[in-house]
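Asks: Numbering (the numbering used here), first residue to last: 502 to 1075. Let me give you the structure first, and then I'll get to my questions.
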Amino acid sequence: MGEYEITKDVLLQTARNNLAALGWTAVCAAALLCIITRVITGLQSRADGSSKTSDARPVRTVAYWIPWLGHGISFVWDHISLIEKARDSLKEPALGIYMGGTKHNVVVSPSLVNAVMLSRSTSSVAWNNYALKTVCGDRGPIRNFNAAYHHVFHHDLPNLFMREPFITEASTKLVDLLKREIANFVTFSWSPVDQAPWERSSDAVLTDRSDKPVCEADFFALIRGFVGHITTTTLMGRSILEAFPRLLDDVWELDNHSPLMAMGLPRWLPFSGLPAAYAARDRILEVLAAYQKAFLDMENGIDGDVKLRDLDDASEPVKQRIRMSKNMGLSPHDSAPGHLLLLWAMNGNSPNVAFWHLLRLYTNPALLDDIRQEIAPYVKAWRPSREETGFPIPEAPKVSMDFEAMFENCHLLKASFYETMRMDSAGLSFRELTSDVTITESKDDAAVAGVEEPRSFRVNKGESIAVPHGVLHNDPRYFSNPGQFDPLRFLVTDPETGAKRAELHTIYPFGGGASGCKGRVFAEREILAFVAAIISMWNIEPADGKEFKLPRHRPSSGAYLPKNDIRVRLSMRV
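This is the structure in structure tokens:
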């Protein structure tokens, strides 16, 4: 028995030694493979960059260490830092990054971004389908549209959001809702039962019950809920949020984790919040299927869901989208991922931008005062007197807004919005080439880069081009002191009249061309309306009595989310 014990111990020790040796062998082999990959990709990158300046050259791929994965881990971790370092290393306005066995071309100068955005040889079909599958849960019916149906669903229908009469009608409806609800931004109600829906998720608490009441709330949650509620009501009608009051909470859950979902990670992986995001998506799809069915029942004169009977106040583009989905043979459940793409688009960026815009104004009292003076002729907050109303009880404050006049004349407000988009959004635009193209930088960009002649690059059919907007937004060659909030950089002077006007230049925060964001015209108008109404009616300061401290950015689908919410104290100005 003793001999057996000795033999067993020897065998176990031998196995351990062999495994250790095998482990070290594997580590050494992996390290050697990474080194060889780095040397080969470095030589390939150098060879691609050997063309003369005047020649159309291939886009150089940045050298990488890990086979197949390439730059994937670095890109997911911080794509802006990765591309900025690659740009500075290669000293070229176009570069290639390698992820998952595929090369992705990246452009980082304004003229090349413009060329890509406006090119008719690029398409966003592949990327729309990818988002539909990974984030919105499409199982194939929409992604498998023929070319004609795909063009109608992804271009003709969304284009309705950029045209009249929608722009004027939606702006008027949104401003009317805003004027009615701005006094209820916080209600100063101590009980959640009596609070507005957007207050409940912001942990709003009444802290002073005097004649000038004060409320504390989580600022981002409050703005997100307020903007989301009014925007969704404007576009989809009042009934959907009355029937499904938790719908926007599920949209926020999905948006918070959309980067992980976009990576195609399955719901069972133990990433924080990922299973909850997929569960939220399932609930949203059920709501949107019920919404489409109720609308079609209403149009056909059928008594449907009693909670969703009154859908006449939905916007015309939404109605047309539902009708077209039916005509294309999609069932309500098949259509739901397409409606989710729209619901997510309308609520995924505007609340975030409104939050950052307002926060940057309230952290800069001088700028806030200047903008309040600029909008004063067009936006007025006041409280009707007892003499005016004839009632002994004071009326709630009101806001009047001549929105069109404000939109045309308040250029500092607009410039501050553009500067917010530059500093607080970092979307990624992806395009696939439908034919071979040559893109050439402008002479101005060449001069900025310190080269004598503009450089041209060949990109082949089937390849992809990515535009990392955050890289250009923070490029000191185009924006001096890029970390400083300076709206004046977007104010230009008319050489003939000397008048100043806001002009969005150099950057494309909404994308561009035929594949750009279809809601960009309305989004600008709605954010300016929200910001103007809130700064006219409300005083907002840090709850701790100290100075505002901007939270760090957290990646999202477009405009950044805040890394953490901030607690604020709100009181009325009138």
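Don't be surprised by glycine CBs; every beta carbon is placed ideally from N, CA and C.
CB-CB under 6 Å to G571, same chain, minus the five flanking residues each way: which ones, in chain order?
Replies: Y565, Y599 and M600
Asks: For the beta strand (DSSP E) containing E639, name the first residue and the last one.
Replies: Correcting the residue type first, residue 639 is Asp in the shown sequence and not Glu. Where D639 is concerned, there is no enclosing beta strand (DSSP E), given that its DSSP letter is neither H nor E.
Asks: So, are the CB atoms of W691 and L707 less than 8 Å apart?
Replies: The Cβ atoms of W691 and L707 lie closer than 8 Å to each other.
Asks: At what residues does the alpha helix (DSSP H) containing W857 begin and finish?
Replies: S851 to Y863
Asks: Can you give me the start and stop residues for the beta strand (DSSP E) that G729 sits inside?
Replies: G729 -> not in any beta strand (DSSP E); alpha helix (DSSP H) instead, spanning F720 to M737.
Asks: Beta-carbon within less than 8 Å of A1000's beta-carbon, same chain only, minus the 5 sequence neighbours each way: which residues are those?
Replies: T994
Asks: Is there a Cβ from chain C that is less than 8 Å from the Cβ of L973?
Replies: Among the chains in the structure shown there is no chain C, since it carries only a single protein chain.
Asks: Going by CA-CA distance only, name the one from R768, F772, L755 and E743 that's closest to Y792.
Replies: E743
Asks: Using only CA atoms, which one of P1043, H912 and D925 lies nearest to Q985?
Replies: For the residues P1043, H912 and D925, the minimum Cα distance to Q985 belongs to D925.
Asks: So what's Y1009 in DSSP terms, helix, strand or just coil?
Replies: coil
Asks: Is L789 closer than 8 Å to A846 when the C-beta atoms are compared?
Replies: no
Asks: Who are the near neighbours of K592 in its chain, counting only those whose CB is closer than 6 Å to its CB and skipping five residues on each side?
Replies: Excluding residues within five positions, none has a Cβ falling inside 6 Å.
Asks: How should L770 be labelled, buried or exposed, when 16 other C-beta atoms within 10 angstroms of its C-beta is the threshold for buried?
Replies: exposed
Asks: Under 7 Å Cβ to Cβ from Q821, same chain only, skipping five residues before and after it: list those, please.
Replies: L658 and L661
Asks: Assuming D946 contacts S610 under a Cβ cut-off of 8 Å, what Cβ separation, rounded to an integer in Å, is found between them?
Replies: 5 Å
Asks: Three-state secondary structure (DSSP) at P760?
Replies: helix
Asks: Alpha carbon to alpha carbon, how far is V952 from S590?
Replies: 15 Å
Asks: Counting only runs of 3+ residues fully inside the region 871-941, write out the beta strand (DSSP E) ranges in chain order.
Replies: 880-883, 899-902, 929-934 and 938-941
Asks: Compute the distance between the beta-carbons of N1058 and S582, then report whether it is under 8 Å.
Replies: A small correction: the amino acid at residue 1058 is Ser; Asn does not occupy that position in the sequence shown. Contact: no.
Asks: Can you list, in chain order, the residues of its chain with a C-beta nearer than 7 Å to that of K827? Leave out the 5 residues immediately preceding and following it.
Replies: L797
Asks: In whole angstroms, give me the CA-to-CA distance for I1035 and P714.
Replies: 17 Å
Asks: Comparing alpha-carbon positions, which option in R710, P983, R664 and K674 lies nearest L1071?
Replies: R710
Asks: Between A1060 and the ligand COA, is there a pair consisting of the residue's CB and a ligand heavy atom that are separated by less than 7 Å?
Replies: No copy of the ligand COA appears in this structure; indeed no ligand is present at all.
Asks: For D976, tell me which candidate among V949, P955, P996 and S965 has the shortest Cα-Cα distance.
Replies: V949
Asks: With 16 as the cutoff for other CB atoms within 10 Å, does G641 come out buried or exposed?
Replies: exposed
Asks: Take the Cβ of A877 as the centre, count every other Cβ of all protein chains shown within 10 Å, and call the residue buried at 16 or more, exposed below.
Replies: exposed
Asks: If contacts are defined as beta-carbon pairs under 8 Å, then V560 and V968 qualify, I think. What distance do you get, rounded to the angstrom?
Replies: 14 Å between Cβ atoms; not a contact.
Asks: According to DSSP, simplified to helix, strand and coil, what is L841?
Replies: helix
Asks: Verify whether the separation of the beta carbon atoms of F964 and N606 is less than 8 Å.
Replies: Note on identity: in this sequence residue 964 is Glu, with Phe being the wrong assignment. Cβ atoms of E964 and N606: closer than 8 Å.
Asks: Less than 7 Å between C-beta atoms, sequence neighbours within five positions excluded: which residues of the same chain meet that for R1055?
Replies: Y1061, L1062, P1063 and K1064
Asks: Roughly how many whole angstroms lie between the Cα atoms of D750 and E717?
Replies: Near 21 Å, if we compare the C-alpha coordinates of E717 and D750.
Asks: For the beta strand (DSSP E) containing S711, name the first residue and the last one.
Replies: Counting along the chain, S711 falls outside any beta strand (DSSP E), and DSSP gives it neither H nor E.
Asks: Hey, W569 and G602 are a contact pair by Cβ (cut 8 Å); roughly how many whole angstroms apart?
Replies: 5 Å
Asks: Since H974 and A927 should fall inside the 8 Å C-beta cutoff, what is the C-beta to C-beta distance between them, to a whole number of angstroms?
Replies: 7 Å
Asks: Output needed for T935: all residues of its chain with C-beta closer than 8 Å, excluding positions within five of it in sequence on either side, in chain order.
Replies: S622, T623, S624 and K962
Asks: Apply the 10 Å Cβ neighbour rule to M764 and answer buried if 16 or more other Cβ atoms are within range, or exposed otherwise.
Replies: exposed
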